[in-house]
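Engineer: My questions will all concern the structure given below.
Numbering (the working numbering), first residue to last: 676 to 914.
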């Protein structure tokens with residue numbers, strides 16, 4: 676394999692299978708060869724293999740206006756008038772009608788207020804709203820508010836739900852394994868009624884009283900255990 680193509684291949688793999696455009700911008704700071712971008716784009720390397728392995732996209736073609744309205748957010752942008760830093764966009768896929776709203780914060784309440792107090796009163800009811808998986812659109816509050824006005828939104832397919840549940844179960848399994856390993860290092864003592872114990876001090880140095888914590892006693896007591904409760908909790912008495 677030619678050295679240039681080998682360099683492109685290694686860069687593509689090292690940076691997480693990025694596309695031709697990103698591969699070109701990564702390499703151009705330190706390397707240069709003739710027709711660099713075109714050779715990266717058309718080279719027989721994993722850049723093209725990744726593109727070929729992806730499934731074909733499905734176009735959403737509504738049958739009438741106000742059928743499907745995609746909603747998206749743009750920002751963080753430079754601060755504008757009244758502190759506006761984001762743009763809320765709504766597009767009618769059928770008519771290509773675009774409506775933009777300048778907003779200060781991206782949260783569920785702000786987006787829903789623009790939708791119900793401006794867009795719907797001015798442009799009429801819509802059949803479906805289309806969003807991404809941003810936190811503003813996946814929260815239970817967003818779902819409840821849309822259900823209140825009887826406005827359906829996009830739902831994840833069964834295949835996606837299966838993948839999400841599988842990922843959650845694997846993450847939970849790994850977390851349980853880490854907890855078991857961590858808990859093995861912790862050995863809690865068992866206490867009995869009538870047993871005497873010491874209580875660790877946590878005094879701090881005081882410049883006002885001219886006291887330094889390293890001269891304090893580490894423990895105080897002994898105390899006698901009068902009751903033993905769950906979760907390693909004790910009631911002690913000072914004899």
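Cβ coordinates follow ideal geometry from the N, Cα and C atoms, glycine included.
Using a C-beta cutoff of 7 Å, does residue 705 count as contacting chain D?
Structural biologist: The structure shown has no chain D; it contains just one protein chain.
Engineer: Between the Cα of residue 771 and those of 891, 894, 820 and 742, spot the shortest distance and give me the residue it belongs to.
Structural biologist: By one-based count along the chain shown, residue 771 stands at place 96. The candidate whose alpha carbon is nearest that of residue 771 is 742.
Engineer: Measure how close the beta-carbons of residue 912 and residue 898 come, nearest whole angstrom, since I'm counting them as under 8 Å.
Structural biologist: Translated into the one-based positions of the chain shown, residue 912 becomes position 237. Translated into the one-based positions of the chain shown, residue 898 becomes position 223. That pair is a contact at about 6 Å.
Engineer: From what residue to what residue does the alpha helix (DSSP H) around residue 738 run?
Structural biologist: Locating residue 738 in the chain shown gives position 63, counting from the first residue. It is not in any alpha helix (DSSP H) - residue 738 carries neither H nor E in the DSSP assignment.
Engineer: Buried or exposed: which applies to residue 773, given that a residue is buried once 16 or more other Cβ atoms fall within 10 Å of its Cβ?
Structural biologist: Sequence index remark: in the chain shown, residue 773 carries index 98 (1-based). Exposed, because fewer than 16 other Cβ atoms sit within 10 Å of the Cβ of residue 773.
Engineer: Considering only residues of the same chain and omitting the five flanking positions on each side of residue 757, which have a CB-CB separation below 7 Å?
Structural biologist: Stepping through the chain shown from its first residue, residue 757 is reached at position 82. Hits under 7 Å: none found.
Engineer: Taking only three categories from DSSP, how would you classify residue 773?
Structural biologist: Sequence index remark: in the chain shown, residue 773 carries index 98 (1-based). It is a strand residue.
Engineer: Is DSSP giving residue 822 helix, strand or coil here?
Structural biologist: Walking along the chain shown from the start, residue 822 turns up at place 147. It is helical.
Engineer: Assign residue 747 to one of three DSSP states: helix, strand, or coil.
Structural biologist: Here residue 747 refers to the residue found at position 72 when the chain shown is read from its first residue. Note: residue 747 maps to strand in three-state DSSP.
Engineer: Just verifying my parser: in three-state terms, what is the DSSP assignment at residue 895?
Structural biologist: Your numbering for residue 895 matches position 220 in the chain shown. Reduced to three states, the DSSP call for residue 895 is strand.
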